[in-house]
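Numbering (this note's numbering), first residue to last: 163 to 657.
Take a look at the structure:
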């Protein structure tokens with residue numbers, strides 16, 4: 163075989179190793195000699211150590227990763243990375259690690275070599291995310307803890323321990339200063355009674371308070387008036403104890419009455435204050451049984467002093483009460499009548515007696531069903547104390563008088579002395595205080611001790627604020643001329 167000729171393929175089936183045809187070949191073929199065969203040239207087997215010539219020229223670029231090509235296959239075509247298409251909606255953003263795919267289909271021979279990884283072992287530099295086992299473990303722990311908590315709560319509830327989970331509370335009743343409304347009420351309520359009155363003239367409810375240590379209770383005349391001579395009066399204390407009561411004395415002009423209890427149940431008298439020392443704006447507390455609600459406590463202030471108030475009275479003008487009252491905005495309603503009005507020290511400074519209702523008519527505290535509009539009136543305790551002592555001592559009260567008859571129909575400013583008395587006699591009683599001071603019929607009184615009066619009712623109120631024997635200074639107008647008259651008050655029996 164000449165050097166440099168290409169190697170031919172192996173002989174086809176039917177040829178012997180020498181290149182001739184065997185006995186099964188084409189008829190007429192001969193072996194040996196110089197005769198050239200008519201078929202392809204014989205196959206040449208290379209000798210040991212003989213260099214083979216490749217079928218193509220060497221690759222000038224030495225293309226990796228194969229290096230130099232072998233003699234049996236052509237070099238693979240050069241592959242270049244393709245531009246990445248934009249990811250579809252929902253696909254990982256560019257630069258993010260794509261999910262694992264078939265490594266043979268995405269193999270890039272120019273990519274950097276990644277370290278080998280064992281099956282199940284983490285790659286260096288990457289953290290392994292918690293597996294399903296951790297999630298299942300956390301869920302199991304939560305279920306166990308919840309079950310234990312529910313069981314403990316159920317046991318505590320059944321055992322009554324759940325009811326003990328309450329805010330701490332101070333032991334014993336709350337303490338209040340003596341000057342607070344609560345402190346004043348606590349000290350006064352034991353000495354206040356609710357009076358239930360029933361008689362031929364009707365029935366009603368009022369209030370009173372223990373006046374002294376002889377079981378006497380001070381209240382309003384209009385509270386007990388309905389009992390009459392054969393009626394019944396029952397007193398009920400704060401604690402529910404009851405006692406019967408009888409009238410010791412009463413006076414319609416002052417609207418005051420005293421009853422005596424069959425049993426005081428150990429209750430002592432309420433302390434009395436000084437009504438002359440009360441000032442407008444002072445705090446006060448009222449206690450009573452408005453509309454039958456016993457032991458009701460309200461509070462307010464002194465709104466005014468020396469307020470002339472007339473209350474009660476029959477159609478003929480008798481039994482009218484003239485009160486030089488203390489005005490308060492502490493709520494007073496029907497049923498409060500006769501109850502105490504207390505100052506900041508718990509002392510009685512007035513006896514609740516009348517209110518001005520929304521229908522603009524004055525009246526007693528238990529008359530009708532009118533409610534409080536913040537205009538309540540109380541008899542000053544200094545006056546009530548004098549009258550009560552007279553009622554206890556004699557059963558009657560005396561009234562200070564000037565000794566004149568007033569014209570109650572006079573509509574001008576001031577109080578005018580009438581022309582005649584109701585009996586037809588002279589308007590100025592002979593020998594009385596007015597006659598001795600020089601007062602005449604037709605005189606108009608405009609001031610009492612420097613205080614202006616505008617009507618006959620106001621003159622009576624100012625007069626009854628004094629005691630018999632007190633000296634008064636009157637400003638009188640006669641025939642257009644003013645003059646000052648001084649007189650000493652006389653006394654008249656009340657009823």
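Quick reminder that beta carbons are idealized off the backbone N, C-alpha and C, glycines included.
Handout entry: Terminal residues of the beta strand (DSSP E) in which residue 388 lies
Key = Careful: residue 388 lies outside any beta strand (DSSP E) and carries neither H nor E.
Problem - Paired residues, beta bridge with residue 403 - DSSP - result: Residue 403 is not bridged to any residue.
Practice task
Could you say which of 654, 442, 636 and 464 lies nearest to residue 514 if we only look at CA atoms?
Solution key: 464
Handout entry: Proximal residues to residue 619 (C-beta, below 6 Å), its chain only, five neighbours per side dropped
Key = 472
Problem - Neighbourhood of residue 421 by C-beta, 8 Å cutoff - its chain only, sequence neighbours within 5 removed - result: 357, 370, 378, 379, 381, 386, 395, 397, 407, 408, 409 and 410
Practice task
Keeping to the same chain, check which residues put their C-beta closer than 6 Å to that of residue 278; ignore five residues upstream and five downstream.
Solution key: Since pLDDT at residue 278 reaches only 46, below the 50 mark, its modelled position is unreliable, and the value read off the structure follows with that caveat. Answer for residue 278: no residue qualifies.
Handout entry: Helix, strand or coil at residue 448 according to DSSP, with G and I counted as helix
Key = strand
Handout entry: Local Cβ density within 10 Å of residue 429, reported as buried at 16 or more and exposed below that
Key = buried
Exercise for the section: Give the secondary structure of residue 453 by DSSP, where H, G and I count as helix, E and B as strand, and everything else as coil. Expected result: helix
Problem - Given 8 Å, three or more beta-carbon pairs between the segment 563 to 573 and the segment 540 to 552 - result: no
Practice task
Could you tell me the boundaries of the beta strand (DSSP E) in which residue 440 lies?
Solution key: Neither: residue 440 is in no beta strand (DSSP E) and is coded neither H nor E.
Handout entry: Selection from 417, 468 and 433 that minimises the alpha carbon distance to residue 500
Key = 417
Exercise for the section: Please check the pair residue 353 and residue 340, which I expect to be a contact at CB under 8 Å, by giving their CB distance rounded to whole angstroms. Expected result: That belief does not hold up - the Cβ atoms of residue 353 and residue 340 are roughly 15 Å apart, past 8 Å.
Handout entry: Which of helix, strand or coil DSSP assigns to residue 633
Key = strand
Handout entry: Sequence-distant residues of its chain with Cβ nearer than 7 Å to residue 431 (five each side left out)
Key = 353, 372, 373, 374 and 375
Exercise for the section: List the endpoints of the continuous alpha helix (DSSP H) containing residue 344. Expected result: 343 to 350
Problem - Pairwise C-alpha distance: residue 517 and residue 647 - result: 35 Å
Handout entry: For residue 545, the first and last residue of its enclosing beta strand (DSSP E)
Key = Run containing residue 545: none in the beta strand (DSSP E); it sits in the alpha helix (DSSP H), 543 to 556.
Exercise for the section: Buried or exposed for residue 585, please, with buried defined as at least 16 other CB atoms from any protein chain shown within 10 angstroms of its CB. Expected result: exposed
Practice task
Using the DSSP secondary-structure output, state which residues sit across from residue 360 in a beta bridge.
Solution key: Looking at the DSSP output, residue 360 sits in a beta bridge with 365 and 394.
Exercise for the section: Please say whether residue 451 and residue 367 have beta carbons closer to each other than 8 Å? Expected result: yes
Exercise for the section: Just the C-alpha distance for residue 603 and residue 582, rounded to the nearest angstrom, thanks. Expected result: 8 Å
Problem - Per DSSP, cross-strand counterpart(s) of residue 562 - result: Bridge partners of residue 562: 653.
Handout entry: Residue of 442, 508 and 403 minimising C-alpha distance to residue 434
Key = 508
Practice task
Spell out the partners DSSP gives residue 381 in its beta bridges.
Solution key: 419
Handout entry: For residue 646: DSSP bridge partner residues
Key = 637
Exercise for the section: Spatial neighbours of residue 287 within its chain, please: CB distance less than 8 Å, with the 5 preceding and 5 following residues excluded, ordered by chain position. Expected result: Because residue 287 sits at a pLDDT of 48, beneath the cut-off of 50, its placement in the model cannot be relied upon, and the following sentence gives the value as read from the coordinates. Counting only Cβ-Cβ distances below 8 Å, and skipping sequence neighbours, we find nothing.
Problem - Nearest to residue 364 (by Cα), restricted to the options 392, 539, 608 and 485 - result: Residue 392 holds the alpha-carbon nearest to the alpha-carbon of residue 364 among 392, 539, 608 and 485.
Handout entry: Residues of its chain near residue 613, where Cβ-Cβ distance is below 8 Å and the 5 sequence neighbours each way are ignored
Key = 468 and 624
Problem - Outcome for residue 617 when other beta-carbon atoms lying within 10 angstroms are tallied against a minimum of 16 - result: buried
Handout entry: Short Cβ contact (8 Å threshold) for residue 495 with residue 539
Key = no
Exercise for the section: For residue 512, name the three-state secondary structure that DSSP assigns. Expected result: In this structure, residue 512 counts as strand in the three-state DSSP scheme.
Handout entry: residue 579 in three-state terms, based on DSSP
Key = strand
Handout entry: Beta bridge counterpart(s) of residue 503 as assigned by DSSP
Key = 448 and 512
Problem - DSSP bridge partner residues for residue 473 (one or two, in chain order) - result: 483
Practice task
Reducing DSSP to helix, strand and coil, say where residue 622 ends up.
Solution key: helix
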